[in-house]
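Report on the structure given below.
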Amino acid sequence: MGEPESRERWESGQSELPPGQRLQRGWPVTHYGPVPKFKPDRWEFRVFGATADTEKRCWKHEDFSALPFTSVVADLHCVTKFSMRGAEWGGVSTRTLLELAPPAPDVTHVMVWAEYGFSSNLRLTDFMADRTIFATHKDGELLTAEHGFPLRLVVPHLYAWKGPKWVRGVEYMTADRRGFWEERGYHNVGDPWAEQRYSYQEVPGDGPEL
């Protein structure tokens, strides 16, 4: 539940970083696997799973790009211990998506799906937080392919692995299920202010059993 504390620290102008983090100049490229080739005519964003009306929603790239554009100023904290402060992220708010494709009342979590079957699970409360955004831009410029173009999720109050690059869809879930890194030893929640890096740090209630 780190988002309120993180937001208060940002709004108060405090320079303190989460524990164990160092300030990074520039933006290192970190990811697992190759950079996918973007094919706009074949790109599709899907919302599926436990939707309110049980129907799947799909957007082609040009349709997704036409959704209301918003921007947020937020930090990015990588579990590899670098932090990038005060970036302006532009794109589509997750709240916009939730309005267009509402989840069923009993949805508690989402799985964010990306290229090559990569996935990351989030509590619904984290996914719908004010500054969680499907980013297409950083500081007014389109994302590069290495940084997630055409779409990456940014969840400022959690470690950056919780916001995958090259996102292709969201699955609404009525129970938690671990994503790619969460199955491989990363913490199921990932709050940087609590330094929740690894699964061995979890306490009951943080996530499903490995």
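So the sequence shown is numbered by this note's numbering: it starts at 746 and just counts up by one. Every residue, glycine too, gets a C-beta built ideally from N, C-alpha and C. Here the structure is a predicted model, which means the values were calculated and not measured.
Let's see if you can read the secondary structure: which residues bound the beta strand (DSSP E) around residue i?
i, result
"H892", "Careful: H892 lies outside any beta strand (DSSP E) and carries neither H nor E."
"S828", "F827 to S838"
"H822", "T815 to H822"
"Y917", "V912 to M918"
"E940", "First-last for E940: undefined, no H or E at that position."
I'd like the span of the alpha helix (DSSP H) that includes residue i, first residue to last.
i, result
"S865", "Where S865 is concerned, there is no enclosing alpha helix (DSSP H), although the beta strand (DSSP E) it sits in stretches over S864 to R868."
"H806", "H806 to S810"
Tell me whether residue i is buried or exposed, calling it buried when 16 or more other Cβ atoms sit within 10 Å of its Cβ.
i, result
"T870", "exposed"
"T799", "exposed"
"Y917", "buried"
"D820", "buried"
"G758", "Unreliable positioning characterises G758 in this predicted model, as indicated by a pLDDT of 45, which lies under 50. A coordinate reading is not provided."
"G765", "exposed"
"P763", "buried"
"E927", "buried"
"G950", "exposed"
"G908", "buried"
Thinking residue i and residue j are a contact (beta carbons under 8 Å), I'd like their distance in whole angstroms, please.
i, j, result
"P813", "T841", "6 Å"
"R876", "P901", "5 Å"
"H822", "Y904", "6 Å"
"I878", "V837", "7 Å"
"V915", "V855", "5 Å"
"P781", "E860", "4 Å"
Please report the straight-line C-alpha distance between residue i and residue j, rounded to a whole angstrom.
i, j, result
"R922", "Y943", "16 Å"
"A797", "E789", "21 Å"
"T889", "P895", "8 Å"
"Q946", "V934", "10 Å"
"N866", "Q941", "15 Å"
"D884", "L768", "18 Å"
"P953", "S864", "16 Å"
"Y777", "K826", "17 Å"
"R913", "F925", "15 Å"
"W834", "S816", "5 Å"
Less than 8 Å separating the beta-carbons of residue i and residue j?
i, j, result
"C803", "R791", "yes"
"T919", "V852", "yes"
"W906", "G893", "no"
"A849", "A795", "yes"
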